[in-house]
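First residue of the sequence shown: 1, per the UniProt record's numbering; consecutive thereafter.
In what follows, a single structure is set out as structure tokens and then discussed.
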Amino acid sequence: MPTGLPTRSAPPSCSSYGELVGQVLDGAFGPDPRTQHIALAFTTRQAVRHSGRTGGYRNEVFSLRLGAAVGSCAVEPGALPDSAIDACVGADVAQLLHHELTAVRVAALDAYLLHTMEHTAAHGARPLTLAAGTSLEKSRARAEAVVELLDLAPGRTVLVIGVVNSLLEALRSRGLRYVPCDLKGGTTEWGEPVATDAHAHLDHCDAVLASGMTLGNGSFEPLREHALRHAKPLVMFAQTGSAILPRLLGAGVTAVCAEPYPFFWLDGGPGLIHRYGGPGLNHRHGGSS
């Protein structure tokens, strides 16, 4: 995704999400965000029930376009007011990083960082093409790519925050145990109860596999701090914040599977995801590898 901006091979080190926001506002990652204006704001809604699966779900994602970059943050379906879209169009990034809605702040930060630090090898990314296929085929292919970033022996336990049945299926195939957790609760495809309080299970897991949606609901920083404090693997699968989370590698985040808009579920053609960190891969604090 060319931006016409100079490539930064050594991004600043960031020890927390808050520090990352502060550095962006200070211009450490590129042009002054007060000079960068959002051209387009939109939402994407979907309902899905994969063939062969007993349950389905709905998703809604709020997105902002800055140049060629699209930053995104998942929201609860129906929770985002239409006024948020109108308020973002034409606004500068610095304004939106102070917006009252978390989803707007996250999408703005994601758009800015993707605009200035696109997913390239120079910034630590390793691209992986998802083959064309059905929604379930592509979901399973993405799940395999995510789970490969975990470095665990069979029998270990993974806390999965943001239940995706294809991810659970991939963990099962590797002999890994898991605790599924999602604010919605419910059950998994295999009838397992889904916990709603992730933090109650942190001390009883060997690794954490979490959705970028944790950025939008405010639960990410406690996860990052726990992982850092206990030297516990924290692997993020990120449609929300795909350009944000790689900047926190080494600050509690172990690896990231970044999937910027358009997401795999939007069409049946080939797709592209980008992986950072993972087993046997050295990375510097701040996201460059």
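Glycine residues also receive a C-beta, built at the ideal position from the N, C-alpha and C atoms.
Which residue wins for smallest C-alpha separation from residue i, given the options the options?
{"i": "L136", "options": "A170, A153, L114, L152", "result": "A170"}
{"i": "L109", "options": "R65, A122, A131, L152", "result": "R65"}
{"i": "A47", "options": "G271, L266, P270, L113", "result": "L266"}
{"i": "R156", "options": "G175, V146, G30", "result": "G175"}
{"i": "R224", "options": "T254, C205, D197", "result": "T254"}
{"i": "G67", "options": "Y178, A111, A122", "result": "A111"}
{"i": "D206", "options": "T187, L228, F29", "result": "L228"}
{"i": "R172", "options": "L114, G22, C73, E189", "result": "E189"}
{"i": "I161", "options": "T102, E60, N217", "result": "N217"}
{"i": "V164", "options": "R140, A200, H230, L152", "result": "R140"}
{"i": "T214", "options": "V235, G133, F29", "result": "V235"}
{"i": "V70", "options": "Y276, Y261, P279", "result": "Y261"}
{"i": "L152", "options": "L183, R105, V208", "result": "V208"}
{"i": "T44", "options": "T134, S219, D82", "result": "D82"}
{"i": "G133", "options": "G278, R275, F264", "result": "F264"}
{"i": "L245", "options": "P180, E60, Y276, A87", "result": "Y276"}
{"i": "T102", "options": "L249, K232, A79, D86", "result": "A79"}
{"i": "Y17", "options": "H204, L249, E221", "result": "E221"}
{"i": "V106", "options": "G212, K232, L249, H226", "result": "G212"}
Using DSSP with H/G/I as helix, E/B as strand and the rest coil, what is residue i?
{"i": "E19", "result": "helix"}
{"i": "T120", "result": "coil"}
{"i": "F263", "result": "coil"}
{"i": "H230", "result": "helix"}
{"i": "P127", "result": "strand"}
{"i": "T7", "result": "Low per-residue confidence applies at T7: pLDDT is 44, beneath 50, and the placement is therefore not dependable enough to give any value."}
{"i": "S63", "result": "strand"}
{"i": "residue 297", "result": "No answer is possible for residue 297: it lies beyond the span of the chain, which begins at 1 and ends at 289."}
{"i": "H285", "result": "The pLDDT assigned to H285 is 33, lower than 50, so where the model puts this residue is not dependable, and the model offers no usable value."}
Determine the burial state of residue i: buried for a count of at least 16 other Cβ atoms within 10 Å of its Cβ, exposed for fewer.
{"i": "G268", "result": "exposed"}
{"i": "K138", "result": "buried"}
{"i": "A116", "result": "What sits at residue 116 in the sequence shown is Thr, not Ala. Per the 10 Å Cβ criterion, buried."}
{"i": "P270", "result": "exposed"}
{"i": "G252", "result": "buried"}
{"i": "H119", "result": "buried"}
{"i": "A74", "result": "buried"}
{"i": "H199", "result": "exposed"}
To which residues of the same chain is residue i closer than 8 Å at the C-beta, ignoring the five residues directly before and after it?
{"i": "T35", "result": "D92"}
{"i": "A28", "result": "P12"}
Near residue i, what residues of its chain come up, given a Cβ to Cβ distance below 6 Å and the 5 sequence neighbours on each side ignored?
{"i": "R58", "result": "A47, P77"}
{"i": "S15", "result": "A251"}
{"i": "L20", "result": "C14, R247"}
{"i": "F42", "result": "S63"}
{"i": "A39", "result": "R65"}
{"i": "P279", "result": "D151"}
Which same chain residues end up closer than 7 Å to residue i when comparing Cβ atoms and leaving out the 5 residues on each side of it in sequence?
{"i": "I273", "result": "L128, L130, R142, A145, C257, A258, E259"}
{"i": "Y178", "result": "T157, V158, V160, L168, L171"}
{"i": "P33", "result": "V24, L25, D92, V93, A94, L97, Y112"}
{"i": "H201", "result": "L159, V179, C181, A195"}
Hey, is residue i close to the ligand PLP, as in C-beta under 6 Å from one of its heavy atoms?
{"i": "L136", "result": "Judged by which ligands are present, the structure shown has none, so any question about the ligand PLP falls away."}
Hey, is residue i's beta-carbon within less than 7 Å of any beta-carbon in chain D?
{"i": "A195", "result": "Among the chains in the structure shown there is no chain D, since it carries only a single protein chain."}
With three or more beta-carbon pairs closer than 8 Å as the criterion, would you say the region 96-103 touches the region 120-135? no
Mind the definition here: the region 234-246 touches the region 191-202 only if three or more C-beta pairs lie below 8 Å; say whether that holds. no
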